[in-house]
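J.:
Number of protein chains: 2
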Amino acid sequence: MAGALDGIMVLDFTRAYSGPFCTLMLKDLGARVIKVELPGSGDTVRKDYPLTAGGEGGTFIILNRGKKSITLNLKSEKGLAICKKLVAKADVVVENYSPGTMEKLGLGHEELSRFHPGLIYASISGYGHSGPYRDYVSYDPMAQAMGGITSLTGFPDSPPIKCGVSIADFSTGIYTALAITAALHHRQNTGEGQWIDMSLQDCVWLLSSIEFSPSYFLTGKILPRLGNSHPSMAPGNLYMAKDGPVLISTGVHSQVLRFYQAIGREDLCRTPFASDQSERYKYKPQIDAVVNEWTGSRTVAEIIKILREADIPCAPVPSFDQICTDPQLISRDMIVEVEQGVSGPVKVPGSPFKMSRTPGNIKFPAPILGGSNSEILTGMLGLTEEEVEQLSGEGII
Amino acid sequence: MAGALDGIMVLDFTRAYSGPFCTLMLKDLGARVIKVELPGSGDTVRKDYPLTAGGEGGTFIILNRGKKSITLNLKSEKGLAICKKLVAKADVVVENYSPGTMEKLGLGHEELSRFHPGLIYASISGYGHSGPYRDYVSYDPMAQAMGGITSLTGFPDSPPIKCGVSIADFSTGIYTALAITAALHHRQNTGEGQWIDMSLQDCVWLLSSIEFSPSYFLTGKILPRLGNSHPSMAPGNLYMAKDGPVLISTGVHSQVLRFYQAIGREDLCRTPFASDQSERYKYKPQIDAVVNEWTGSRTVAEIIKILREADIPCAPVPSFDQICTDPQLISRDMIVEVEQGVSGPVKVPGSPFKMSRTPGNIKFPAPILGGSNSEILTGMLGLTEEEVEQLSGEGII
Chain A
0 MAGALDGIMV
10 LDFTRAYSGP
20 FCTLMLKDLG
30 ARVIKVELPG
40 SGDTVRKDYP
50 LTAGGEGGTF
60 IILNRGKKSI
70 TLNLKSEKGL
80 AICKKLVAKA
90 DVVVENYSPG
100 TMEKLGLGHE
110 ELSRFHPGLI
120 YASISGYGHS
130 GPYRDYVSYD
140 PMAQAMGGIT
150 SLTGFPDSPP
160 IKCGVSIADF
170 STGIYTALAI
180 TAALHHRQNT
190 GEGQWIDMSL
200 QDCVWLLSSI
210 EFSPSYFLTG
220 KILPRLGNSH
230 PSMAPGNLYM
240 AKDGPVLIST
250 GVHSQVLRFY
260 QAIGREDLCR
270 TPFASDQSER
280 YKYKPQIDAV
290 VNEWTGSRTV
300 AEIIKILREA
310 DIPCAPVPSF
320 DQICTDPQLI
330 SRDMIVEVEQ
340 GVSGPVKVPG
350 SPFKMSRTPG
360 NIKFPAPILG
370 GSNSEILTGM
380 LGLTEEEVEQ
390 LSGEGII
Chain B
0 MAGALDGIMV
10 LDFTRAYSGP
20 FCTLMLKDLG
30 ARVIKVELPG
40 SGDTVRKDYP
50 LTAGGEGGTF
60 IILNRGKKSI
70 TLNLKSEKGL
80 AICKKLVAKA
90 DVVVENYSPG
100 TMEKLGLGHE
110 ELSRFHPGLI
120 YASISGYGHS
130 GPYRDYVSYD
140 PMAQAMGGIT
150 SLTGFPDSPP
160 IKCGVSIADF
170 STGIYTALAI
180 TAALHHRQNT
190 GEGQWIDMSL
200 QDCVWLLSSI
210 EFSPSYFLTG
220 KILPRLGNSH
230 PSMAPGNLYM
240 AKDGPVLIST
250 GVHSQVLRFY
260 QAIGREDLCR
270 TPFASDQSER
280 YKYKPQIDAV
290 VNEWTGSRTV
300 AEIIKILREA
310 DIPCAPVPSF
320 DQICTDPQLI
330 SRDMIVEVEQ
340 GVSGPVKVPG
350 SPFKMSRTPG
360 NIKFPAPILG
370 GSNSEILTGM
380 LGLTEEEVEQ
390 LSGEGII
């Protein structure tokens with residue numbers, strides 16, 4: 000089946016999480032991604048634990064499925080020259096080095112766009128390429144903190160805590176893939192390439208500002224950490240059943256009324272506990288107490304049965320092994336087995352892009368280091384096998 | 000300045016968080032977004048607390064800046080006919096109703112693509128339009144739990160906790176905007192429209208699977224919740240300074256060595272505490288104890304000064320008011336004031352799309368309910384002012 004980005008070539012100078020997730024999204028959507036790696040070691044995540052029996056990092060496989068790998072010593076004159084020939088054939092360059100690094104290598108946006116004005120060049124960094132924090136090195140935990148997620152996650156009386164997954168890296172990866180794809184649209188209309196300067200902090204801040212900045216900007220107050228509750232939903236929290244936690248949310252007024260009916264507390268429909276959102280939210284602790292009283296004498300399964308019949312949003316809190324075997328995810332091809340060369344078949348997440356004509360396609364192995372050196376250098380740049388061997392002997396690839 | 004998606008028209012049947020954030024991304028990037036709302040009430044978030052002095056919800060303003068609002072009673076024959084005329088002029092339809100709702104209204108993908116085969120039609124729902132959970136209603140907290148984030152967030156001995164921001168909604172919004180933009184690229188090449196079926200659970204699962212599913216799929220084990228530490232970084236955690244918490248991470252081996260030197264523990268460079276990642280990680284509790292001993296006798300400012308000189312990723316954990324006034328975010332136009340009509344100037348987050356030719360543009364107010372009824376019905380569909388007044392009188396708009 001066709002991919003939406005068929006025919007687009009991405010030259011990928013990224014490693015670790017944010018950049019590789021960006022180019023993974025482009026690959027899922029059909030682009031050809033060539034990963035440029037350091038000879039000998041490559042992406043630092045290649046050896047991150049746990050490894051397959053074939054010695055490949057599980058996380059590396061997920062983040063790099065379907066990409067081609069070429070090794071290039073970018074600090075050598077020959078390596079740089081080869082790299083620029085590849086740039087000339089690319090539609091997109093993505094890099095996530097510290098600001099200034101690509102410029103020092105002679106691969107900055109200004110330099111490359113001089114001979115390739117249609118190039119779309121995306122840079123991902125902790126704080127972006129401008130501003131007072133530009134040169135501070137940063138990883139996902141710093142970006143979660145400096146963008147607001149950490150101060151907003153946790154219980155009011157517990158320490159702040161980051162989101163358990165590297166959401167700063169991954170969300171920035173998706174935002175960047177979106178900016179690149181929009182830039183491709185602009186290029187198709189105008190022929191113009193451009194530079195895209197994405198910051199992890201910017202990306203996280205936009206996420207945390209939506210629900211929480213109005214309180215500060217409009218009232219000068221900051222909300223306490225909300226635990227498992229929601230800034231606008233009451234009833235809405237993680238409640239305790241006889242045999243474990245259960246999530247219940249009501250978002251619109253009709254749900255609130257249906258919920259009280261479903262739990263046999265129709266009487267509450269005529270109290271402030273059922274008034275409009277801003278009024279009702281004032282009674283959140285009392286409302287939560289009523290709900291916990293009801294859930295506490297029932298099992299999670301009983302609660303979910305009653306509430307699903309009343310069309311009230313609810314869910315258990317599955318453990319991670321339950322999620323890794325979830326029937327819904329399996330039925331949507333979100334847990335699939337891929338043939339991974341030296342490692343044999345490996346289970347990986349599928350693509351979320353369920354598109355009727357160009358579905359996200361992930362049934363490809365991740366590359367071994369430099370696995371496409373010969374294919375790319377001879378096929379794309381016209382070198383001979385002897386020249387490729389010589390480059391290898393010189394440590395350039 | 001031009002927008003990357005200039006000329007693209009999006010007809011937006013979404014409300015609450017996930018869908019509006021998707022179409023916000025498209026608007027930031029230059030698309031024209033027409034928000035179709037219920038006469039009288041509109042998007043449920045319009046009145047979510049806190050409100051401006053003009054009575055507009057702060058979160059609503061952020062999520063809907065720059066969109067046009069038209070009210071339409073889609074259950075009336077006339078309203079439906081007007082809606083289909085708008086669809087005929089649109090490039091993209093986005094909706095986040097429960098599966099089946101748009102079909103019941105006569106606005107399902109099959110129906111609309113019959114007279115508009117080039118239409119790109121994106122559906123967002125809790126579990127997607129297929130599979131055993133298809134008909135379960137779901138909000139962000141359910142999707143965080145059913146996709147894995149909740150089971151992975153928190154401390155090993157504390158209850159599971161969701162990410163403090165509605166990351167299931169917002170990440171799905173970005174993924175969907177990316178799928179739509181890629182579909183626009185495909186349409187430009189082929190003329191084909193398509194249907195996109197996005198699930199909050201799918202989107203969250205992909206995020207949580209990257210770091211955590213390899214452990215389960217390769218070893219059968221699930222990792223404990225990691226608190227503020229990271230599945231592959233040691234040293235790496237939230238540590239306690241004399242006057243508050245401080246985040247420190249090391250991702251590559253050279254950083255580990257530089258870190259031990261910076262804290263005066265060069266002796267550790269020749270111990271297993273400085274061996275390669277999978278070996279070193281076994282000593283994480285002992286390594287954390289060494290780091291906490293060092294941080295505990297210094298202030299956050301002293302620690303950050305020392306570590307920034309050594310180029311080690313580190314950060315304080317700012318409170319949310321500090322983030323809302325952060326100099327870096329301000330310098331990158333990520334905190335800006337926008338003239339918001341009845342509410343006057345309102346501070347909102349900027350656009351993360353720092354693109355040299357088509358920067359994300361957000362300097363627009365959010366619409367009042369039905370604020371563009373007349374403009375759209377007369378300007379785009381050629382109705383007379385009298386006809387618009389009649390529709391209003393009949394409660395159709």
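Heads up: the protein sequence lines correspond to chains A and B, in order.
Here numbering that gives the first Met the number 0 is used: the first residue of the first sequence is 0, the next is one more, and so on.
Here numbering that gives the first Met the number 0 is used: the first residue of the second sequence is 0, the next is one more, and so on.
Don't be surprised by glycine CBs; every beta carbon is placed ideally from N, CA and C.
It should be emphasised that the depicted structure is a prediction, and the values quoted were computed from it without experimental measurement.
1. What's the gap between the Cα of Val345/B and the Cα of Gly127/B?
2. Name, please, each residue of chain B whose Cβ falls closer than 8 angstroms to the Cβ of Val251/A.
3. Assuming Met141/A contacts Ala314/B under a Cβ cut-off of 8 angstroms, what Cβ separation, rounded to an integer in Å, is found between them?
4. Can you give me the start and stop residues for the alpha helix (DSSP H) that Thr70/B sits inside?
5. What is the C-beta distance between Glu211/A and Val93/A, in whole angstroms, given that I count them as a contact (C-beta under 8 angstroms)?
6. At 7 angstroms on the CB atoms, spell out the chain E contacts of His229/A, in chain order.
7. Suppose you measure from the CA of Asp42/A to the CA of Ala30/A; what does that come to, to the nearest Å?
8. Check whether the Cβ atoms of Gly172/B and Phe20/B lie closer than 8 angstroms to each other.
9. Skipping 5 residues on each side, what residues in its chain have a beta carbon closer than 6 angstroms to that of Ser243/B?
10. Near Ala261/B, which residues of its chain fall below 8 angstroms by C-beta distance, leaving aside the five closest residues on each side in sequence?
11. Can you tell me where the beta strand (DSSP E) with Lys346/B in it begins and where it stops?
12. Whose C-beta lies closer than 8 angstroms to the C-beta of Ser129/B among residues of the same chain, with five residues either side of it excluded?
13. For the 8 angstroms Cβ check, are there 3 or more pairs between the segment 268–282 of chain A and the segment 314–328 of chain A?
14. Write down every uninterrupted run of the alpha helix (DSSP H) in the segment 59–128 of chain A whose length is 4 residues or greater and which is fully enclosed by it, in chain order.
15. When the Cα atoms are used, what is the spatial distance from Pro366/B to Ser296/B?
16. With DSSP as the reference, identify every bridge partner of Leu50/B, one or two as the case may be.
17. Please state if the CB of Val35/A and the CB of Ile7/A are separated by a distance shorter than 8 angstroms.
18. For Glu338/B, which beta-bridge partners are listed by DSSP?
19. Identify which residue in Asp47/A, Asn188/A, Gln285/A has its Cα closest to the Cα of Gly235/A.
20. Which residues of the segment 179–199 of chain B have a Cβ closer than 7 angstroms to any Cβ of chain A? Give them in chain order.
21. Identify the contact partners of Cys313/A in chain B, using a Cβ-Cβ distance below 8 angstroms as the criterion.
22. In this structure, how does DSSP classify Ser170/B when only helix, strand and coil are distinguished?
23. Mapping the DSSP letters down to three states, classify Met333/B as helix, strand or coil.
24. Among the candidates Val245/A, Tyr238/A, Ala233/A, whose CA atom is the shortest distance from the CA of Ser253/A?
25. Could you pull the start and end residues of the alpha helix (DSSP H) that Gly295/A belongs to?
26. Alpha carbon to alpha carbon, how far is Leu151/B from Trp194/B? Give it in angstroms, no decimals.
27. Which of helix, strand or coil does DSSP assign to Leu237/B?
28. How should Met0/A be labelled, buried or exposed, when 16 other C-beta atoms within 10 angstroms of its C-beta is the threshold for buried?
29. Below 7 angstroms on C-beta distance, what does Arg307/B contact in chain A?
30. Any contact between the segment 377–396 of chain A and the segment 319–338 of chain B? By contact I mean 3 or more CB pairs, one from each, below 8 angstroms.
31. Is Val86/A close to chain B, meaning its C-beta is less than 8 angstroms from at least one C-beta of that chain?
32. Under 8 angstroms, with one C-beta from each stretch per pair, do the segment 167–183 of chain A and the segment 70–87 of chain A reach the 3-pair mark?
33. Go to Gly392/A, then tell me how far its alpha helix (DSSP H) extends in each direction, as first and last residue.
34. What does Trp194/B pair with, by DSSP beta-bridge criteria?
35. Quick check: is the beta carbon of Glu210/A nearer than 8 angstroms to any beta carbon in chain B?
36. Whose C-beta lies closer than 6 angstroms to the C-beta of Thr22/A among residues of the same chain, with five residues either side of it excluded?
T.: The answer reads as follows:
1. 36 angstroms
2. Thr43
3. 4 angstroms
4. Per DSSP, Thr70/B belongs to no alpha helix (DSSP H); it is in the beta strand (DSSP E), 67–70.
5. Residue 211/A is actually Phe in this sequence, not Glu. In fact, because the Cβ distance is near 30 angstroms, the residues do not count as touching under 8 angstroms.
6. The structure shown contains no chain E; its protein chains are A and B.
7. 20 angstroms
8. yes
9. A quick correction: the sequence has Gly, not Ser, at residue 243/B. Counting only Cβ-Cβ distances below 6 angstroms, and skipping sequence neighbours, we find Val299.
10. Ile305, Leu306, Glu308, Ala309, Ile311
11. 344–348
12. Asp196
13. no
14. 76–88, 100–104, 108–114
15. 53 angstroms
16. Gly56/B
17. no
18. Pro344/B
19. Gln285/A
20. Thr180, Ala181, Ala182, Leu183, His184, His185, Gln187, Glu191, Gln193, Trp194, Ile195, Asp196, Met197, Ser198
21. Met141
22. helix
23. coil
24. Ala233/A
25. 283–295
26. 32 angstroms
27. strand
28. exposed
29. Tyr135
30. no
31. no
32. no
33. 384–392
34. Tyr120/B
35. yes
36. Val9, Asp11, Val32, Val93
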